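**Student:**
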Amino acid sequence: MKKSIIVLLALSLIMTVVLGACGKDETKELVILSDFAREVAEKELYAKEIFEEFEKEHNVTIKFETLAQAEDSFQKIDSEQKGGNHTVDLMISHFGTMMDYLSEDYIEDSSSLEKEMSDRTFLSTFDGSTNLDGKRYFFPINSDVYLSYANKEAFDTLPTGLTKEDVLMGNYTWDDFVAWGKEIGGTKVHMKAEPLKMLLYQIGGMALANGGEFPVLNDKGNLKAWQDVITMKDNIHPESATTSDSATLMGGDNVYLSFELMAPLATAYSASPAKYEVFPGPLGTSGKAGSIIGGHGIGIVKNAPNKELAEEFIKWMTAPERIVHAALGTIPTLEEATLALSDDPEDFVIKQGLETVKNANVEGLQMISDYVSWADVKENYDVIYSGIMDGSITLENLQEKLDEQQADLESNEI
Amino acid sequence: MLEKGHVKEIIKSPYLLLVPALLFYLIFWFVPVATSLYESFTTISGKVGLNNFILVLQDSLFLDAFVNTLIFALLSLLLQFALALGIAVLVNQNFKGSKLFLFVILIPMALPPSAIGILWNTGLVESGWINSFLATSGIQNVLEALGILKGPTLWKAVSGLEAVMTLIIIDTWTVMPSVMIIILAGLQNFNEEYKEAAQIFGATKWQAFRDVVIPIIKPSIVTALLLRLISGLQVWLIGVMLFGFNNVPFLVERIVYYTDKVRTATNSYKMANAYSIFTLGHVFTVAFLFLRVTKDKKEGAK
Amino acid sequence: MENILKKTILYLVIVFISLSVLIPLSYLVTISFSSQIEVNDYPKKMLPSLYHNIAIKWDAENQNYIVMRENNEGIFKELYISSKYDKIRDYMKTQLNIDMTTERIEKDFNVAKDTGEIVEYKYYKSFFNNYIKFFTVFSGAEKALINSIKAALITILISMSIGGAVGYALARTSIKKKEAIRIGSLIVRMFPMVSISVPMAVLLVRYGLFDSMLGLAIVYSIPNIGLTAAITRSIFIGVSKEYEEASLVFGATEAQTFRKITFPLVLPAFAASSMYAFITAWNDTAVSLLLTNKNETLALLIYKSIGGASSIHYAASGAIVLILPALVFTFLLKNYITQMWG
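Chains as they are written, first to last, in this note's numbering: chain E, 1 to 414; chain D, 415 to 716; chain L, 717 to 1058.
1) Throw me the rounded Cβ distance for the I870/L and F994/L pair, which I believe falls under 8 Å.
2) Can you give me the C-alpha to C-alpha distance between D403/E and D72/E, rounded to a whole angstrom?
3) Could you give the first and the last residue of the continuous alpha helix (DSSP H) run that contains D166/E?
4) Tell me where the alpha helix (DSSP H) around V362/E begins and ends.
5) Is the Cβ of T242/E closer than 8 Å to any Cβ of chain D?
6) Taking all protein chains shown into account, decide if V707/D is buried (16 or more other Cβ within 10 angstroms of its Cβ) or exposed.
7) Whole angstroms are fine: how far does the CA of D100/E sit from the CA of A70/E?
8) Verify the CB distance criterion: does T889/L have a CB-CB separation below 8 Å to chain D?
9) Pop quiz: Y381/E and L200/E are said to be a contact at Cβ under 8 Å. What is the actual Cβ separation, rounded to whole angstroms?
10) When you check each C-beta in the region 40 to 54 of chain E against every C-beta of chain L, which residues fall closer than 8 Å?
11) Closer than 7 Å, Cβ to Cβ, to anything on chain L: give me those residues from the region 652 to 677 of chain D, in chain order.
12) Quick check on V627/D: buried or exposed, where buried means 16 or more other Cβ atoms within 10 Å of its Cβ?
13) Mind the definition here: the region 492 to 500 of chain D touches the region 676 to 693 of chain D only if three or more C-beta pairs lie below 8 Å; say whether that holds.
14) If we define contact as Cβ-Cβ less than 8 Å, is Q494/D a contact residue for chain L?
15) With DSSP run on the structure shown, which of helix, strand or coil describes G1058/L?
16) Listed from N- to C-terminal order along the chain, which residues in the region 817 to 849 of chain L have their beta-carbon within a distance smaller than 7 Å of any beta-carbon of chain D?
17) Would you list the residues sitting across from F139/E in a DSSP beta bridge?
18) Give a yes or no on whether 8 Å exceeds the smallest Cβ distance from V372/E to chain D.
19) Going by the beta-carbon positions, is the gap between M762/L and N863/L smaller than 8 Å?
20) Using a 10 Å radius around the Cβ and a threshold of 16 neighbouring Cβ atoms, would you call G251/E buried or exposed?
21) Between the alpha carbons of G565/D and L1005/L, how many angstroms are there, rounded?
22) Looking at the unbroken beta strand (DSSP E) that takes in L90/E, where does it start and where does it end?
23) State the Cα-Cα distance for the pair L722/D and I912/L, rounded to the nearest angstrom.
24) At least one CB of chain E closer than 8 Å to the CB of A571/D: is that the case?
25) Rounded C-beta distance between F126/E and G295/E? I'm assuming under 8 Å.
26) State yes or no: is the beta carbon of G415/E nearer than 8 Å to at least one beta carbon in chain D?
27) What residue range does the beta strand (DSSP E) around A416/E cover?
28) Assign M232/E to buried or exposed, taking buried as 16 or more other Cβ atoms, counted over all protein chains shown, within 10 Å of its Cβ.
29) Going along the chain, which residues of the region 754 to 778 of chain L sit with their C-beta nearer than 9 Å to a C-beta in chain D?
30) What residues from chain E crowd round T680/D, counting only those whose CB sits closer than 8 Å?
31) Could you give the DSSP three-state label for K43/E: helix, strand or coil?
32) According to DSSP, is F126/E part of a helix, a strand, or is it coil?
33) What does DSSP give as the partner residues of A289/E in its beta bridges?
34) What are the residues that DSSP puts in a beta bridge with L775/L?
35) At a CB distance below 8 Å, what residues from the region 248 to 280 of chain E approach chain L? Give them in sequence order.
36) For the beta strand (DSSP E) containing V1003/L, name the first residue and the last one.
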């Protein structure tokens, strides 16, 4: 018995070595590391709509990889650049993390490539994130704004004076939103409050609607935003503090109302479209809605093994007919593509998003490079939120606490 | 020139057994650790000193992280030890189906961290499987009738000590088998005849267990607990998976936080290294104290 | 009488402990077979369901079909509204894991349209959908599996030989400063690995160990050598020296004694520590992410495939795929841990 296990172990070792040695394939491989299109269904769509034909045309296989967190992706690129073993050709990054790569000089300057693609107009909203010192590094592929959505049952308990039609048209204010949450009762409102994630963007959107600035904590618009959070404090679902996306909580009927980014909203909506209504975000004291615009872009990694192929791929992926698929239900970042949207229900959410971009107070993320650490900025917002939830920050001392965090935020400026 | 006898002596020297390990660590481990040590004692401006450690002490979450880590390590150790010893003795009874039982018990140990994250994240949420189980099995109704519960419990909406306790229970579920198998391996070497002999001389079963079995398997117990203690003091992943960063701070969670999350902040790299050295010192002290307390005099004489 | 009571209690305890392990696992397995919709169901089922009860209503006013599904509370809830059969097919496939042809949908749904009444169907799920998708979307699973086995075995070999030697030296030889060596071997574990994994990876790349299983195994062995030393030391101490002495008296050589007497006695210790080594190597993604390129391990392949996805049913099926070989290993090994002797 003892002997047999030793023999078995030895045999399997030999076998694995032999098998491992002969299984080498020789086709070229284009490696894309992505912080976007992480869901299985989204990858399927990418494979079918974008990769398949390109692979055939260029006789190459595309390896599309996603990691759990943007930090993991950075670490991977970081260790490749430092260790000198280059495998990743293309990086798809969020606007908020692009500066990390640019400040370390890990992405190729693609200004000349941009000139080659004179047939398309990339929206200039994101130049602050994708470009540095007048040079183009990343090409935007999608953009994402905040919209509202609600479980249909929530419309049975609208506050007095508010009609369903008004809400669906975007004719309602943040005060209405707060009152609605109260009227539904329980803890049926979601906030994107997981630490170090999205809270600042959500609050930023609320503040922009009030004519406030981003990222600022203590101006009038921001004060109003935080006051609204305090007023609806008891109606916010406690799991908001550990769950950034509302899709699961909405899906499980744990929450009914959310001011959410288009991408997770689309996930929830496509699972049971009959269950929800999607509508523009609430209006602020400025009379307009507000939203931070996020999104992703693609760039060539320094010393990429297949640089020319990578350039071809960027041209391929950002072509107007493909960038619509690449945007995955959010707004495609080419003017040519937004003009070609249809009347299909799939394009309905995208159109809502486009309306928001046109009519609301919006702001990109180009200011990130002004701060030593963006995560520290996130923390300034997190501190206020957790203070509100544990009761140590109230309407009385809010301004004072916001001033404190604002001072901290400013000390973080470059 | 070495004489022949001399060579033979060197070959037979027991120190030779340590050489591979020493070489291995020198080549593959020492350089990164030395770098980290160096980084922790120099400031970004290149000054040598304890500045980074002072920064760590000033970190607003340091105290919480320190206390949480200690509570977690000690309480989980106690709980895991009690359970692991009990189950190891139970498996060792060699009852019908004991091998199958052992296999079932060992399963959680084989789960990858991501699976642990999915399992408990889907369990602890409001409409998760824990509440589902309580509801469908009728336990929920019983508890509600007794006035203990009111509606579905929000297991994840906890903070501070409650969150640490939640993590202790989950960690125990996951790693208890790894403590258990070391104790069990120790028990396997124990000759039943000793115990029988003790019982013939009039010892009760409990006395025989306490005075004969425990001393013999003590080296295994000490090893198992020491290893667990070291790992327990380095907890972070399960905390971050369930509650995110900053919500339930731990010492190693701080390291990851400063290396990954606020990577670009001034001092963050230095802070991470200082935290690493601090953690090393912390673990070392606790492990050393533990070894002192559990020191076996007879063993030293061997 | 007393005996029966004792046995009953014993088995009750065993059943309780087993259930507290198996119930969470059965939910994990169920999630891995769930469709997107079922993930959000409440109360959740403990065992995977095989079918959905679907009801179809024709909304004559808007010329749309309304697709409803019976949830776990027995209530039909509206899910999807559309008049296009191919859209309905796509929806059923992606959200409910029901694989149907457009023709079949047309035929079934037309009944609702023609009669104007709500019609109910029982549609079976494509049961292994999540797993199948897992292997169709991501290629290279076999190669990754072999790589994982390779890395795990080399890790076991390195930690057993180097660590076992230290353990033996600590327990059985007359070397000095044992306590210092023992603590030294554990300090390796005391230093948080997370903080040195990146510089270590960079270092290994410089040694030319990038993209090889040996390179991975070396990193995995770093914490495991110390651990193996600790475990084997404690068992070598526990093993009675008299057996070895007796064997030597009867004329066996030291090598023979080790092979025939000592080794079988410490086999449980090696089994226990190889369990640790195996699991470190098998489940790792952090190190392999930095150190490999074409030669991925299975854990890494799964991680890269579903990393960051919020669709937990795919993540769960990936985890189950990863668990299965580890379970086989555990199953084989358990006999060596409880190797009764004497």
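For glycine and all other residues, C-beta sits at the position ideal for the given N, C-alpha and C. A quick note: this is a predicted structure, and the numbers were derived from the prediction, not measured.
**Tutor:** To lay it out plainly:
1) What you label residue 870/L is simply residue 154 of the third sequence in a count that begins at 1. What you label residue 994/L is simply residue 278 of the third sequence in a count that begins at 1. Contact flag wrong, Cβ pair sits at about 11 Å.
2) Start at 1 with the first residue of the first sequence, and residue 403/E comes out as number 403. Start at 1 with the first residue of the first sequence, and residue 72/E comes out as number 72. Distance between the alpha carbons of D403/E and D72/E: 34 Å.
3) Along the first sequence, read from residue 1 onward, the residue named residue 166/E stands at position 166. Here the alpha helix (DSSP H) through D166/E covers K164 to M169.
4) The sequence position of residue 362/E within the first sequence is 362, counting from 1. No alpha helix (DSSP H) holds V362/E; the beta strand (DSSP E) holding it covers N361 to E363.
5) Numbered from its first residue, the first sequence carries residue 242/E at position 242. Chain D, which has a Cβ nearer than 8 Å to the Cβ of T242/E, makes this yes.
6) Reading the second sequence from its first residue, position 293 is the one you call residue 707/D. It counts as exposed.
7) Along the first sequence, read from residue 1 onward, the residue named residue 70/E stands at position 70. Along the first sequence, read from residue 1 onward, the residue named residue 100/E stands at position 100. Approximately 11 Å, taken between the alpha carbons.
8) Walking along the third sequence from the start, residue 889/L turns up at place 173. Closer than 8 Å to some Cβ of chain D, the Cβ of T889/L qualifies, so yes.
9) Taking the first sequence and counting its residues from 1, one reaches residue 381/E at position 381. Taking the first sequence and counting its residues from 1, one reaches residue 200/E at position 200. With 8 Å as the limit, Y381/E and L200/E qualify as a contact, their Cβ atoms being about 4 Å apart.
10) V40, A41, K43, E44 and A47
11) V666, I669, V670 and T673
12) In the second sequence, the residue the question calls residue 627/D occupies position 213. Buried, because 16 or more other Cβ atoms sit within 10 Å of the Cβ of V627/D.
13) no
14) In the second sequence, the residue the question calls residue 494/D occupies position 80. Judged by the 8 Å Cβ criterion, Q494/D is not in contact with chain L.
15) As a position in the third sequence, residue 1058/L is number 342, starting the count at 1. Reliability fails at G1058/L, whose pLDDT of 31 lies under 50, so the model's placement of it is uncertain and the value that follows must be treated cautiously. If DSSP states are grouped into helix, strand and coil, G1058/L belongs with coil.
16) none
17) Taking the first sequence and counting its residues from 1, the one referred to as residue 139/E is at position 139. Bridge partners of F139/E: I298/E.
18) The residue given as residue 372/E occupies position 372 in the first sequence. Taking Cβ atoms only, chain D reaches closer than 8 Å to V372/E, which makes this a yes.
19) Within the third sequence, residue 762/L is the residue found at index 46, counting from 1. Within the third sequence, residue 863/L is the residue found at index 147, counting from 1. No, they are not a contact pair.
20) Counting from 1 along the first sequence, the entry for residue 251/E is found at position 251. The residue is buried, with at least 16 neighbouring Cβ atoms inside 10 Å.
21) To locate residue 565/D, count along the second sequence from 1; it is residue 151. To locate residue 1005/L, count along the third sequence from 1; it is residue 289. Looking at the two C-alpha atoms, the distance is approximately 43 Å.
22) Position 90 of the first sequence, counted from the first residue, corresponds to residue 90/E. Run containing L90/E: L90 to H94, per the beta strand (DSSP E) assignment.
23) Because chain D is modelled from 415 through 716, residue 722/D falls outside the range shown and cannot be assessed.
24) For this step, residue 571/D is matched to residue 157 along the second sequence. Cβ-Cβ to chain E under 8 Å: yes for A571/D.
25) For the purposes of this step, residue 126/E is identified with residue 126 of the first sequence, where counting begins at 1. For the purposes of this step, residue 295/E is identified with residue 295 of the first sequence, where counting begins at 1. That pair is a contact at about 7 Å.
26) The displayed coordinates of chain E run from 1 to 414. Any statement about residue 415/E would go beyond what the structure contains.
27) With chain E represented from 1 up to 414, any question about residue 416/E goes unanswered, as that position is not in the structure.
28) Counting from 1 along the first sequence, the entry for residue 232/E is found at position 232. The residue in question, M232/E, is buried, as its Cβ has 16 or more Cβ neighbours within 10 Å.
29) V755, N756, D757, Y758, P759, K760, K761 and M762
30) Start at 1 with the first residue of the second sequence, and residue 680/D comes out as number 266. Those are V372 and S373, listed as they occur along chain E.
31) Here residue 43/E refers to the residue found at position 43 of the first sequence. Residue state, collapsed to three classes: helix.
32) Translated into the one-based positions of the first sequence, residue 126/E becomes position 126. Looking at F126/E - three-state DSSP - the assignment turns out to be helix.
33) Along the first sequence, read from residue 1 onward, the residue named residue 289/E stands at position 289. L283/E.
34) Position 59 of the third sequence, counted from the start, is the residue given in the question as residue 775/L. The question names Leu, yet the displayed sequence has Asp at residue 775/L. According to DSSP, which records beta bridges pairwise, D775/L is partnered with N780/L.
35) T248, G251, G252, D253, P264, T267, S270, A271, S272, P273, A274 and K275
36) Start at 1 with the first residue of the third sequence, and residue 1003/L comes out as number 287. First-last for V1003/L: A1002 to L1007, but that is the alpha helix (DSSP H), not the beta strand (DSSP E).
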